[in-house]
Amino acid sequence: MPKKVLRPKALSYLPLPGYPYSAGTAAGGFVYSAGLVAWDETGTLVGIGDVGRQTRQVLTNLAAVMAEAGATFADILKCNVYLSDICHFEAMNAVFREAFPSDPPARTTVEAALAEPEMLVEIEAVAFIGQLAS
Numbered sequence: 003m004p005k006k007v008l009r010p011k012a013l014s015y016l017p018l019p020g021y022p023y024s025a026g027t028a029a030g031g032f033v034y035s036a037g038l039v040a041w042d043e044t045g046t047l048v049g050i051g052d053v054g055r056q057t058r059q060v061l062t063n064l065a066a067v068m069a070e071a072g073a074t075f076a077d078i079l080k081c082n083v084y085l086s087d088i089c090h091f092e093a094m095n096a097v098f099r100e101a102f103p104s105d106p107p108a109r110t111t112v113e114a115a116l117a118e119p120e121m122l123v124e125i126e127a128v129a130f131i132g133q134l135a136s
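Residues are numbered in the numbering used here as their position in the sequence shown, beginning at 1, plus a constant of 2.
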């Protein structure tokens, strides 16, 4: 079954030369996002030092990837959240709760070294929407 590469307009700068990956892919009714960070539509990292603002931007990016495949946050089965410092958990979690006010997806949250020191949060997701149209 063929893979569909997802290239939402808001993330059209991906892949960057130093980060060779697609923002998302889909196949067999599943949608997979890359680990998304707080880059805005120009590829600029927003919210330096503000995990809440970065989380909002990451979720905006995630929504764009999902929409490109015809999915919404309601279709997300699983998220993995990576925090540069676990002390950011509460601030990230408050914004995450706003995005998923009821029936949130399964989630893993871990502390991890991210690609750039200014990056505070990275989120990846898997959604299921059924068979994709070709």
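Where a beta carbon is used, it is the ideal one built from N, C-alpha and C, also for glycine.
Annotation: the continuous beta strand (DSSP E) that includes ARG109 extends over 108-113. In the three-state reduction of the DSSP assignment, LEU64 falls in the helix class.
Within 10 angstroms of the beta-carbon of TYR84 lie 16 or more other beta-carbons, which makes it buried. Proximity to ARG58 across VAL97, LEU13, GLU124 peaks at VAL97, based on C-alpha coordinates. VAL48 carries a coil assignment under DSSP once its states are collapsed to helix, strand and coil. For VAL33, the closest alpha carbon among the candidates TRP41, ALA40, SER24 is that of SER24.
Here DSSP, grouped into helix, strand and coil, assigns ALA96 to helix. The beta-bridge partner set that DSSP reports for LYS6 consists of ALA28. The residue from SER86, TYR21, ARG9, CYS81 with its alpha-carbon nearest to that of PHE102 is CYS81.
Within the same chain, and ignoring the five residues on either side of ALA73 in sequence, the residues whose Cβ sits closer than 6 Å to its Cβ are VAL33, ALA129, ILE131. For ILE78, the enclosing beta strand (DSSP E) starts and ends at 78-85. Check the Cα spacing between LYS5 and each of GLY31, TYR21, PRO22: the tightest is with GLY31.
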